[in-house]
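Chains as they are written, first to last, in the numbering used here: chain A, 1 to 114; chain B, 1001 to 1111.
Here it is as structure tokens:
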């Protein structure tokens, strides 16, 4: 299995630009999570989906952030407009659900907003 | 609210055992996890334990859980330089619910 796939691996953009991060979960996994990692705040949940349905988006910082999961094999996290404080590593993770308790992480997208 | 605490740094000599400690506050946590993160990489799941267990062993890794004190530890036997990384403790209510992470413990292994 290829594992969780994220793209791009690195993104550098200017303040005010739109940024779209992409995630392909492991095939057959029913749950998908977006986390953000910063030095100051560590790893935090942004949003998660079960069976493509958003369950909890209380971690999304502001309306500038939005996430979608149009099908079981793809999710996007969009920031519009981006700000320097959005600079972080964004991780996507997936979990099989159905009594299986592991979450598997992608390699992350390192976002730098200048 | 949920909170997970870890010490930030640990330094050990190669061949010694490492013990990384973690405390959590949410008594309803059902699953407790240890993840490893190497520089520039994602998080690798090392092991997890159900809250109704006291201990779990997997090769060089031993997890101990004291549910009364809400204390979790990860012991790495015969620590190698390749074990140098940041180790995160995390808790969740169910397997498909979000993880709450500690800040991570940076393990340095001295040759």
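Glycine included, every Cβ here is placed at the ideal spot set by N, Cα and C. What you are looking at is a predicted structure, and each value in this text was computed from that prediction instead of being measured.
Residue 71(A) - containing beta strand (DSSP E), residue span = Per DSSP, residue 71(A) is one residue of the beta strand (DSSP E) stretching across 65-71.
Cutoff 8 Å; reference residue 18(A); Cβ partners in own chain excluding five residues on either side | Same-chain partners within the cutoff: 78, 79, 80, 81, 82.
Mind checking who residue 1086(B) pairs with in its DSSP beta bridge?
-> Its beta-bridge partners are 1037(B), 1106(B).
Inter-residue spacing [alpha-carbon to alpha-carbon] between residue 1066(B) and residue 1020(B) | One C-alpha to the other measures close to 14 Å.
Close-in-space but distant-in-sequence residues of the same chain around residue 55(A) (CB under 7 Å, 5 per side omitted) = Cβ-Cβ distances below 7 Å link residue 55(A) to 48, 49 in the same chain, with the five nearest sequence neighbours on each side left out; the list follows chain order.
Selection from 113(A), 106(A), 10(A), 95(A) that minimises the alpha carbon distance to residue 2(A) = Closest option to residue 2(A), Cα to Cα, is 106(A).
Given a cut-off of 7 Å, decide if residue 1073(B) and residue 1109(B) are closer than it, judged by their beta-carbon atoms.
-> The Cβ atoms of residue 1109(B) and residue 1073(B) do not sit closer than 7 Å to each other.
Segment limits, beta strand (DSSP E) that includes residue 6(A) | Annotation: the continuous beta strand (DSSP E) that includes residue 6(A) extends over 5-7.
Rounded straight-line distance, which links the Cα of residue 1091(B) to that of residue 1056(B) | Computed Cα separation, rounded: 16 Å.
Of all Cβ atoms in chain B, is any one closer than 7 Å to the Cβ of residue 102(A)?
-> Look at residue 102(A): its C-beta is under 7 Å from a C-beta on chain B.
Residue 1063(B) vs residue 1049(B) beta-carbon contact at 7 Å = Yes; because the gap between Cβ atoms is below 7 Å, this pair is in contact.
What's the C-alpha gap between residue 1069(B) and residue 1033(B)?
-> Distance from the CA of residue 1069(B) to the CA of residue 1033(B), rounded to the nearest whole angstrom, comes to 17 Å.
Hey, quick one: how far does the beta strand (DSSP E) through residue 1065(B) stretch, first residue to last?
-> Looking at the DSSP string, the run of the beta strand (DSSP E) that includes residue 1065(B) is 1061-1066.
With a cut-off of 7 Å, does the C-beta of residue 1103(B) fall near any C-beta of chain C?
-> Here the protein chains are A and B, and chain C is not one of them.
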